[in-house]
Structures are given as C-alpha cells and as structure tokens.
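**Q** Mind having a look at this structure? Questions to follow.
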Amino acid sequence: MEKKFLLLSMFFCMLSLAACNNSTDNLQSNVVKKVDHQTQKKQLSKHDQDIIEQYNQIMRSFADEDDKVVLTKLKNLIPEVKQIENSSSRNMIIMDIYLRLEMYQEAYDLNENELKNKPTILKLQYKCMLMDKLHKD
C-alpha cells in the first residue's frame, strides 16, 4: 500500500511540476512537443520498441495478476531493459522498476548518475525521497 501511495504521489508531483513549467497558451510549443515525441518514437530501434512493449504488457498485467508474480516478471526484465539504447527511455523504465521492487539503492545510484549528466529539480526531489527511503542524511 505504501509503495502504491509513493508511486501515485510521485506521479502527481511530476504532473504538477510539468503543469507549472508548461504554458498551455502557446499552441506552437504544443505542436513542437508532439513532433518531438513522434521523432523520439521513430528514433527507438525495433529492439528497443520490443523491450518497451514487453514492459508495457507487464505493467498492464498488474490489474489481472498477483502483484508478486508481476514484480517477479519486472525483476526478470531488468537485464533486457538495460540493453535499451535510448537512454531516456531506458532510465525512465529502469527507475520505475527499481521503485516498484523497492530497490532503493539502485534507484538512488541511477538518480545520482542522472544528476551528474543533466541536473534538474525533479531529480533532486527524487534524490531527497530516495535518501529518506534509505535513511541517509
């Protein structure tokens, strides 16, 4: 229950940050974002798309299967997810898996690496949350 609340609260936090940072009045900006999203999707290799589809299928099975079974499937998918060439997609999926599996140290390490490469407020907030979970000062 706690982990579902944590994930839900993280989702709303990301959504609220995105809402604060995006101007809905700027139609051109929205069009550019849609084009960029389509371009990014095209940049994914077939192999990456297949792994992402596996991940999506597992995530959809949360509604129908026992949580422990689904979490085991996610854990077994980690080596394949690490092979995704698109770093943005890879890191987003692997972070989600780490958090769902309560692999907080791995999530913290990934977040630290991301902070070094491209620091953002959201990543700093994740760091604080993960430090709390790891009981770090």
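Going letter by letter, the sequence shown gives residues -18 to -1, 1 to 119 in mature numbering (1 follows the signal peptide of the UniProt record, and there is no 0). A virtual CB, placed ideally from N, CA and C, is assigned to each residue, including glycine.
I'd like the list of long-range same chain contacts for L53, defined as Cβ closer than 8 Å, with 5 residues on each side in sequence excluded.
**A** These residues qualify, in order along the chain: R82, L83.
**Q** In angstroms with no decimal places, state the Cα-to-Cα distance between K55 and K98.
**A** Roughly 30 Å separates the two Cα atoms.
**Q** Run through the segment 45 to 93 for me and flag every whole alpha helix (DSSP H) of 4 or more residues, listed as ranges in chain order.
**A** Here the runs fully enclosed are 49 to 63, 69 to 82.
**Q** In or out: K118 buried (at least 16 other Cβ within 10 Å) or exposed?
**A** Exposed is the call here.
**Q** Between which residues of its own chain and residue 122 is the CB-CB distance below 7 Å, once the five residues before and five after are set aside?
**A** Residue 122 is absent from the model: the chain starts at -18 and stops at 119.
**Q** Is M74 closer than 7 Å to L92 when the C-beta atoms are compared?
**A** Contact flag unset, no.
**Q** Roughly how many whole angstroms lie between the Cα atoms of I33 and K100?
**A** Roughly 25 Å separates the two Cα atoms.
**Q** In angstroms with no decimal places, state the Cα-to-Cα distance between K109 and I103.
**A** If you take the alpha carbons of K109 and I103, they lie about 10 Å apart.
**Q** Kindly indicate which three-state DSSP category L97 falls into: helix, strand or coil?
**A** Of the three classes helix, strand and coil, the one that applies to L97 here is helix, per DSSP.
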